[in-house]
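The listed protein sequences derive, respectively, from chains H and Y. Quick note, this note's numbering runs 9 ahead of the 1-based positions in the first sequence. Quick note, this note's numbering runs 170 ahead of the 1-based positions in the second sequence. We put the CB at the ideal spot given by N, CA and C, even for glycine.
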Amino acid sequence: MKILRYTIAIAGALAALTTANVRADELVIWSRTNGPAEDKALKQIFSEFEAANPGVTIKMETRSVDEHKSALRIAAASKAGPDLYYMWAGLGLGGEFVKAGMSAPVDEYYAKYKWNERLRPLADAYTTLYPPNRHGVPYQLNGEAIYYNKELFKKAGIAQPPQSYDELVAAAAKLKQAGIPAITFGGSVNWHVMRLMDVLLETKCGAKAHDALIAMTVKWSETTCATDAFNEFHKWTSEYTLKPFMSYDQTQSRKLFEANRAAMMLEGDWMANQLRTETKTPQEFGVFAFPTGTDRLYGFGVNFYINPNGKKDLAAKFLDYFVSDKVQQENLGAFGPLGVNKNVAPKNPDVFDKAWFGLFDQYKASFVNGDQGFPLDVTTEYWRIINAVATDTMESGKAAAALQAFIDKRG
Amino acid sequence: MVVVPSDTIVLPRRSWRDGLTSAQAQGWILLAPALAIYAGFALYPMIEVFVLSFQKWNGLSPAREFVGFANYIFIFRDDPVFWMALGNTVIWTALAIVIPPILGFLLALALNQALPGRNALRAVFYLPVVIAPIAVATMWKWMYDPFFGLFSTLLTDIGFQSFIPDWLGNRRIALYSIFAGYVWQHAGFSMVLFLAGLQGVSDSLVEAARMDGASRFQVLRYVILPALRTTTTVVVVLSLIQSLRAFDIVYGMTLGGPAQSTQMLALWAFTQSMQIHDFGRGAAVAVVLLLMTIAVIIPYLLWRARNDKAQGRSA
């Protein structure tokens, strides 16, 4: 009996402590590990918001990407978790959490705060992926394009960035003739070389068929352009890619690009900062969109999603502050080269700023990376098939059928 | 009057209170915390994994759907990676029970001699065992780097640039390249066990064999190896169990690639559960691996029990 009393007392004390830790005016945010610039900016934004809202505190918990996803799954099962969380917007990531009911619709807050009047259309589009409601508020907008080495292009006799896919292939051939590997990828991380396949699908199939293939509403094995894209992919990996590339990752690939070992690299807007800090002559590099021939830019969006079991109003109030002109202008560059707010612009734009702002202004729509469009099991098989084609262990002509066979059997 | 046969001993009935004072009960009390932890953190998860292998669950939905043998049917019939992972696990295990033990034995034989700096050398060869496998993976990954790695640089320096293979990117050699790192890490473990075994080989037996005219090889073949039979069994079984659990080094070096060609059962179970979030299929793969491990462990435990009994160490 005595033991029972002690146990109850200890349990009560623990419960009291736990309750005391979750304060009514504390906003809990979960995110993946932030970069140094992003971390500094967020801390500043949090303290300003707290100062403007006496009594409110913001607590951010960060984890590595995989741990972040796992923690959110555990939270979903227990109906607990953060008030706000960071997640990529694509079907295989943010889509899963929306489907599982872990995202509160934000339509009423959009109407209340008029967010769509200040958000970039490309960023805003990632909140309407899961009708009938809006889910998430844009946190980050990323584009991926070809970075090229101006000097190596000049050496190969290429006067200007290619404007069409045929011109791009011709440029790659010229580079090869000049003894320069045209492009570099890090094959050990599946998603890096996947980008090449993604843009080739967009190029060969066009926007509508590409979307249908990713949504798996058409058969890969019966869609000729899918096989064309795999054939083209094999051509690039066997003839134009810096080799060997299957055993190193995207970071080593970037180092090789910076060391002038390859003329092009298909990377995200975030690489601009790396080129600025890791090379002595960043102006020697340029950026152009992969010429898919469609009117869509390759890239993805990241949203902050509101947990329906969390403090929704407080979360929305913070998000309103976060996407405000003032915060986005003051922290431009901390969350990617351009913010999600269309009213901001860099004060002293360099060559990369100009290139990326130009691309985001030029394109009104985007297509996402394969691993964000597919469910996770299909993504894993997509990677296996891409790598098998790249390593000559699967004929490119059989790749589309192999992927379809998996899709048919997945149940 | 009851007549009790003279060879029958009647023991008094003991209550649990009597038992509490006995040495056996004290043993159980001392074991209880460890057993509770084992039950909570090993037995329960094992049972949970077994149950999960008959369910469909993505870690997000509140309900787990019972699907019978569907997960097993999928991994055996439709999963394009499972058989590759199983094949790699078998190859890996076969190599792991031969190569590190042989190397460890040779090292033990050498370091059992009265060499100058013998203890330092023993420490050097044992050192990789204490390094975390993920750190070993990182080191070897760098050494295999096709542009800046140690092996590529060495081959370039001696004029064999055109023969530099893509150690971790060529699916025909990637598994064996990883295995080389595994051997480097585990040979020292076998070495230490064999060294301990060699201490038990009677010097007088070796001397007697030599006086009878036995060559060095004959001494090894007919005196040392038979004396190391128990040690060899322990080394082989422990190497086998370790090899079935191979995960970190593969994860750290290739993530199972290229094109899943270095995938192993342990890593595939992890990938299915923690990256694809198909906990049912991941659990099915884990159960297959568990059954393989049990098939090895049970005979080993029985052998150990028989051996202990023969040596009079039974309870």
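Does PHE295(Y) come out as helix, strand or coil in the three-state DSSP assignment?
helix
I'd like the span of the beta strand (DSSP E) that includes GLN371(H), first residue to last.
First-last for GLN371(H): 360-371, but that is the alpha helix (DSSP H), not the beta strand (DSSP E).
Those residues which DSSP pairs with ALA147(H) across a bridge:
A small correction: the amino acid at residue 147(H) is Pro; Ala does not occupy that position in the sequence shown. PRO147(H) pairs with ASN312(H).
Measure the Cβ-Cβ separation of GLY274(Y) and ALA357(Y) and say whether it is below 8 Å.
yes
Just list the residues that DSSP pairs ALA154(H) with in beta bridges.
GLU276(H)
With distances taken Cα to Cα, identify the nearest neighbour of GLN337(H) among SER56(H), ALA134(H), ALA61(H), GLN149(H).
GLN149(H)
Is the CB-CB distance between GLY308(H) and THR212(H) below 8 Å?
no
Closest Cβ-Cβ distance between ARG341(Y) and chain H: below 8 Å?
yes
Work out the CA separation of ASN282(Y) and LEU297(Y) for me, nearest whole Å.
17 Å
Length of the line joining the Cα atoms of THR71(H) and ILE243(Y)
39 Å
Hey, does GLN430(Y) have any beta-carbon neighbour from chain H nearer than 8 Å?
yes
Contact under 8 Å by Cβ, GLY367(H) with PRO170(H):
no
Three-state class that DSSP yields for PRO203(Y) in the structure shown:
helix
Segments of 4+ residues assigned as alpha helix (DSSP H) that fall wholly inside the segment 293-346 of chain H
321-331, 334-339
Closer than 6 Å by C-beta to TRP200(H): which residues in its own chain qualify, once you throw out the five before and the five after it? Chain order, please.
ASP380
Alpha helix (DSSP H) runs wholly inside the segment 166-240 of chain H, at least 4 long, in chain order
174-186, 199-224
Is it a yes or a no for the segment 150-169 of chain H touching the segment 336-350 of chain H, going by three-plus beta-carbon pairs under 8 Å?
yes
Between the Cα of ILE419(Y) and the Cα atoms of LEU345(Y), PHE449(Y), THR401(Y), which residue gives the shortest distance?
LEU345(Y)
Which stretch, first to last residue, makes up the alpha helix (DSSP H) that contains GLU377(Y)?
373-381
Within this structure, are the beta carbons of PHE239(H) and GLY339(Y) separated by less than 8 Å?
no
Just confirm the distance between the C-beta atoms of GLU267(H) and THR288(H), as a whole number of angstroms; I'd bet it's less than 8 Å.
5 Å
Under 8 Å, with one C-beta from each stretch per pair, do the segment 234-249 of chain H and the segment 213-220 of chain H reach the 3-pair mark?
yes
Selection from GLN442(Y), ARG451(Y), ARG247(Y) that minimises the alpha carbon distance to ALA414(H)
ARG247(Y)
Beta-carbon separation of ALA187(H) and LYS164(H) under 8 Å?
yes
When burial is assigned at 16 or more other CB atoms within 10 Å of the CB, is ARG263(H) buried or exposed?
buried
In chain order, which continuous runs of the beta strand (DSSP E) of length 3 or greater are located wholly inside the segment 91-120 of chain H?
93-97
Below 9 Å between beta carbons is the criterion; list the residues of the segment 322-334 of chain Y that meet it against any residue of chain H, in chain order.
ILE334
What first and last residue would you give for the alpha helix (DSSP H) that runs through LYS159(H)?
159-164
How far does the alpha helix (DSSP H) with LYS407(H) in it extend, from its first residue to its last?
405-418
Would a C-beta distance cut-off of 8 Å place PRO300(H) and GLY101(H) closer than the cut-off?
no
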